[in-house]
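Undergrad:
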Amino acid sequence: MDKFLFSIRYTFYSILLISLSFTSCKSKKQLVKSHKVELEKPSNKIAAKYAEEMEVSKGAIKNGRLYEFIDDWEGAKYAYGGLDKRGVDCSGLVYLLYQDVYQKQIPRSTSQQVEIIKRKFENQLKEGDLVFFDFDGKQFSHVGVYLQNGYYVHASTRRGVMIEKLKNPYTYKYFSRGGSVQ
Numbered sequence: 115m116d117k118f119l120f121s122i123r124y125t126f127y128s129i130l131l132i133s134l135s136f137t138s139c140k141s142k143k144q145l146v147k148s149h150k151v152e153l154e155k156p157s158n159k160i161a162a163k164y165a166e167e168m169e170v171s172k173g174a175i176k177n178g179r180l181y182e183f184i185d186d187w188e189g190a191k192y193a194y195g196g197l198d199k200r201g202v203d204c205s206g207l208v209y210l211l212y213q214d215v216y217q218k219q220i221p222r223s224t225s226q227q228v229e230i231i232k233r234k235f236e237n238q239l240k241e242g243d244l245v246f247f248d249f250d251g252k253q254f255s256h257v258g259v260y261l262q263n264g265y266y267v268h269a270s271t272r273r274g275v276m277i278e279k280l281k282n283p284y285t286y287k288y289f290s291r292g293g294s295v296q
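Be aware that the sequence shown starts at 115, since it is given in the working numbering, and climbs by one per residue.
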């Protein structure tokens, strides 16, 4: 009888533990909230400016909201923890860009932003993908948003919000990974 009760108890607790593990997987907090966004055509002035800067045709500049956002923020100073045009840090810029351009709520910090991407090879990066760097021996210490033709926008500690070539000799050696926001 004791063996029988032990067997029933063991089976019951095993089933309970297994069912709890399945339900706990579903309770993960959603890190990205989004709405579908339609592309808006950029103005001719914006398309011409960024086509020249990124060495593409004017027709390649399709996301007006993105390039208007960049135009509005370009040159803003870097400030650690900043979230306005008086000063913004890299993850803050990405956070605000995703809010304004894509109507997506993403985490504020670089360490959390890297957790929400689906990793891609560099040659698979598309406009809006996030790119991460490991500066000063710190993993994922910098983030930017990939644009096209090897360019990305970011908040540089020295030069503020700017567009830069991903393969810039100084920064490329610190490039860690890139991917799309899930």
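Note that beta-carbon positions come from the ideal geometry of N, C-alpha and C, so glycine has one too.
On a CA-only basis, which of V267, R233, A269 is nearest S290? Give me that one, please.
TA: Among V267, R233, A269, the Cα nearest to that of S290 is on R233.
Undergrad: Please classify A161: is it buried, with 16 or more other beta-carbons within 10 angstroms of its beta-carbon, or exposed?
TA: It is buried - the Cβ of A161 has at least 16 other Cβ atoms within 10 Å.
Undergrad: Go through the segment 143–225 residue by residue and report every complete run of the alpha helix (DSSP H) that reaches 4 residues or more, in order.
TA: Qualifying alpha helix (DSSP H) stretches, in chain order: 158–167, 178–187, 204–216.
Undergrad: Across which residues does DSSP place S270 in a beta bridge pair?
TA: Beta-bridge pairing links S270 to G274.
Undergrad: For Y288, does the three-state DSSP call read helix, strand or coil?
TA: In this structure, Y288 counts as coil in the three-state DSSP scheme.
Undergrad: Identify whether G251 lies in helix, strand or coil by the three-state DSSP scheme.
TA: helix
Undergrad: Candidates L244, N177, K172: which alpha carbon is nearest G206's?
TA: L244
Undergrad: Would you grab the beta carbon distance between S171 and I231 for me? Rounded to a whole angstrom, and I think it's under 8 Å.
TA: With 8 Å as the limit, S171 and I231 do not qualify as a contact, their Cβ atoms being about 28 Å apart.
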